[in-house]
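One structure is given here, and the rest of the page talks about it.
Number of protein chains: 2
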Amino acid sequence: MEPSPGSRDARPGVAPVAAVLPAGGSGERLGGATPKQFCAVQGRPLVSYTVRAMERISWIADIIVVVSPENIEIMKSIIERYGHKRVTIVKGGITRHRSIFNGLKVFAENEFSNHLQKPEVVIIHDAVRPFVEEDILSKVVMAAKEHGAAGAIRPLVSTVIASAADGCLDHSLERARYRASEMPQAFLFDIIYEAYQQCTDYDLDYGTECLHLALKYCKTNAKLVEGTADLWKVTYKRDLYAAESIIKDNLSQQVCVITDVNEAVAQVGFLLHECLKSQIKVHLDISENISFSIGMEELTRIKKFAREVKKKNILVYGLLIQYKDNLLLQETVNSAAALIMALIKDRNPELIGQLLVA
Amino acid sequence: MEPSPGSRDARPGVAPVAAVLPAGGSGERLGGATPKQFCAVQGRPLVSYTVRAMERISWIADIIVVVSPENIEIMKSIIERYGHKRVTIVKGGITRHRSIFNGLKVFAENEFSNHLQKPEVVIIHDAVRPFVEEDILSKVVMAAKEHGAAGAIRPLVSTVIASAADGCLDHSLERARYRASEMPQAFLFDIIYEAYQQCTDYDLDYGTECLHLALKYCKTNAKLVEGTADLWKVTYKRDLYAAESIIKDNLSQQVCVITDVNEAVAQVGFLLHECLKSQIKVHLDISENISFSIGMEELTRIKKFAREVKKKNILVYGLLIQYKDNLLLQETVNSAAALIMALIKDRNPELIGQLLVA
């Protein structure tokens, strides 16, 4: 096993790794009023997924979320609602670089009441890249310890071109020689903080690339680390759709079939298990004393129960597997399995408490 | 009104505009076995949406779809199944440029039995960009007539960087000075065909950018046209998810409420109309002689009917609006409206024929 990025630093009282998440964007490109980091995906703001991805990693000591002044209260309520830990909210500036700089200052300047311990390495990651994994975070942190700076890269999807003053093609870049600079990036704290202190107002107002500042002001050539496709940034409305589908996929990876010991019922349970297991992870439980009878009152009760547990984000649907004839049993079970797959894939909260018939 | 791109050319027997759609990609980046242009989105292969986007435009005379030899039969069956017109299938080469070249040859060489009339302007567009609109196609064609070549561009989403031999950052490009080259592109046929005839095997094997060939071999600086966000290319699995959501959105933009003249039923119809119209386009129809009674037999009949019409891609769901009490009527109608919105948004084919209860 490789050592975790936090483990080498044994100096007491020094937090080895911290993360700064700029979340100050206005989301103009989405064409909506809500900045994309606060858009709800399966009922939860995007930024909360990103924070969760960071806080799951034990060696990240502090997570700084930088938001614009008007969104501080919203961010506070998100942290409270989803129980996020180790998070500090910092007021952003008017540009991306100014926001990141504000995030870094929390570790370095005494003017902040919530003065945190200066980390050896700081990760910078966008709030709108929720699918970041420990593996790439660990790689950029390790590379930053060695090289002073590191960043994730991806192959270019489109050819990059330069236009002339008349709006015509000047030249195109050879795609294989270039890469898209993505997030996360990581820096020795002293290097990136020095770079921000040195850089000009022009850099702070018009620049966006932290690796560029480290190179320009600290002569640090960042190590480039190939990232996976899931590092992409939620930029357009279609990206929110994609994020929603990915989150649904991740939520719906297993199913539990509970069946009575009664022979006929158990048979349905076994068949259902067989039918589902090619598509999803299935547990089969056999329990005594399960019995249902379905009447109008039962339906109302299922609905009430479903509404109750929905508050805990548990979605309950009723499914009646009806068969008279053993010959049609397999067909009915196939149809039940298809309904189950459809329900857990869509996770549609409006359909809870309904009784569907296979 | 602007003239349509085809209208200027009055020479008889000359097709003014044709389109070539390279669809030969292997889809490795999706991580699946099916190349992305053939992946089903709402039950229909992606390439079929792109072909439809082209054939809707009356001034595009011919559409050439270039597919790899092993997919020719699949493409034929897609054209038959979805009734595509004006489409010719051409066998692709082993690289993108070779495939496009093959597509162009159909217009120029006599060796093809399906020899088509040479167009003045040819559009080149990826099969995996299904959301192309007439507006941008018209713009690139007009610009190609004037400049010889034209292509859609978009702002860069990420900073582009060059790496040194040691895998470290060499330099980053100033984002504002560069653009992503997207599709559609359009060319005077003689220019792009000449460029392909002139270009080297290295170009054909390793290049991807048609604008580059026109510049290098015909000294034609393409006019760059700012495109909209929906020109993006389906590259990764997340893009398929996004495409699916966008197609669902487009499919589900109106609803028709049909209600009986019976006073109580009509009231429910009116309330439902009021409730839905803030979210979607609703038609309200009042008809005599509609009546339903719900029993187990009825349920089976709904299911059968739903399975029957599903073949025509019509999804039928049952919805029982149940209320005893006028006080709760509004609440029940709200719940019915939420169910209707959820059903048409998800368009889940597995739930057809179910009877849901509001």
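Protein chains in written order, with the working numbering: chain F, 1 to 358; chain P, 1 to 358. Idealized CB from N, CA, C, for every residue including glycine. These figures come from a predicted structure and were not determined experimentally.
Rounded straight-line distance, which links the Cα of residue j to that of residue i
| i | j | result |
| --- | --- | --- |
| residue 271/F | residue 263/F | 12 Å |
| residue 249/P | residue 248/F | 18 Å |
| residue 23/P | residue 181/P | 18 Å |
| residue 235/F | residue 34/F | 13 Å |
| residue 72/P | residue 129/P | 20 Å |
| residue 273/P | residue 350/F | 19 Å |
| residue 124/F | residue 279/F | 38 Å |
| residue 174/P | residue 311/F | 48 Å |
| residue 137/P | residue 184/P | 7 Å |
| residue 186/F | residue 81/P | 52 Å |
| residue 229/P | residue 287/F | 54 Å |
| residue 118/P | residue 51/P | 20 Å |
| residue 12/P | residue 157/P | Confidence in residue 12/P is poor, its pLDDT being 35 and thus under 50, which makes the residue's placement too unreliable to answer from. |
| residue 135/F | residue 208/F | 25 Å |
| residue 307/P | residue 354/P | 11 Å |
| residue 381/P | residue 233/F | Here chain P comprises residues numbered 1 to 358, so residue 381/P is not present and cannot be evaluated. |
| residue 210/P | residue 79/P | 27 Å |
| residue 362/F | residue 39/F | Residue coverage of chain F in this structure runs from 1 to 358, which leaves residue 362/F outside it and unanswerable. |
| residue 323/F | residue 269/F | 13 Å |
| residue 94/P | residue 69/P | 10 Å |
| residue 266/F | residue 48/F | 42 Å |
| residue 239/F | residue 36/F | 10 Å |
| residue 145/F | residue 75/P | 52 Å |
| residue 326/P | residue 334/P | 14 Å |
| residue 122/F | residue 25/P | 40 Å |
| residue 101/P | residue 162/P | 30 Å |
| residue 97/P | residue 297/P | 60 Å |
Short Cβ contact (7 Å threshold) for residue i with residue j
| i | j | result |
| --- | --- | --- |
| residue 62/F | residue 18/F | yes |
| residue 336/F | residue 321/F | yes |
| residue 378/F | residue 92/F | Beyond the ends of chain F as shown, which are 1 and 358, falls residue 378/F; an answer cannot be given. |
| residue 140/P | residue 225/P | yes |
| residue 241/P | residue 245/F | yes |
| residue 359/P | residue 356/P | The structure shown does not extend to residue 359/P, since chain P is modelled only from 1 to 358, so the question has no answer here. |
| residue 346/F | residue 346/P | yes |
| residue 188/F | residue 148/F | yes |
| residue 85/P | residue 55/P | yes |
| residue 342/P | residue 348/F | yes |
| residue 150/F | residue 222/F | yes |
| residue 176/F | residue 41/F | no |
| residue 251/P | residue 152/P | no |
| residue 237/F | residue 254/F | no |
| residue 285/F | residue 302/F | no |
| residue 160/P | residue 160/F | yes |
Counted within 10 angstroms of its Cβ, other Cβ atoms place residue i as buried (16 or more) or exposed
| i | result |
| --- | --- |
| residue 200/P | exposed |
| residue 60/P | buried |
| residue 179/F | buried |
| residue 300/P | exposed |
| residue 21/F | buried |
| residue 315/P | buried |
| residue 206/P | exposed |
| residue 212/F | buried |
| residue 283/F | exposed |
| residue 43/F | exposed |
| residue 90/F | buried |
| residue 120/F | buried |
| residue 313/P | exposed |
| residue 328/F | exposed |
| residue 155/P | exposed |
| residue 87/P | buried |
Contact test: residue i Cβ vs the ligand MG heavy atom, cutoff 6 Å
| i | result |
| --- | --- |
| residue 142/F | The ligand content of the structure shown is nil, which means the ligand MG is not present either. |
Could you list the residues in the region 177-207 of chain F with a C-beta less than 7 Å from some C-beta on chain P, going in chain order?
Of all residues in the region 177-207 of chain F, only 177, 178, 179, 180, 181 and 182 come within less than 7 Å of chain P when Cβ atoms are compared, listed by chain position.
Across the region 99-110 of chain F and the region 161-179 of chain F, are there enough close Cβ pairs to call them in contact, namely three or more that are closer than 8 Å?
Verdict: no, contact absent.
Do the region 181-196 of chain F and the region 212-229 of chain F touch if we need at least three Cβ pairs shorter than 8 Å?
The region 181-196 of chain F, when compared against the region 212-229 of chain F, does touch it at the 8 Å Cβ threshold.
At a Cβ cut of 7 Å, what residues of the region 345-357 of chain F count as close to chain P, listed as they run along the chain?
Along the region 345-357 of chain F, the positions whose C-beta sits under 7 Å from a C-beta of chain P are 346, 348, 350, 351, 354, 356 and 357, read in chain order.
Residues in the region 302-324 of chain P having any Cβ partner in chain F nearer than 7 Å:
Listed by position, the residues of the region 302-324 of chain P near chain F (Cβ gap below 7 Å) amount to none.
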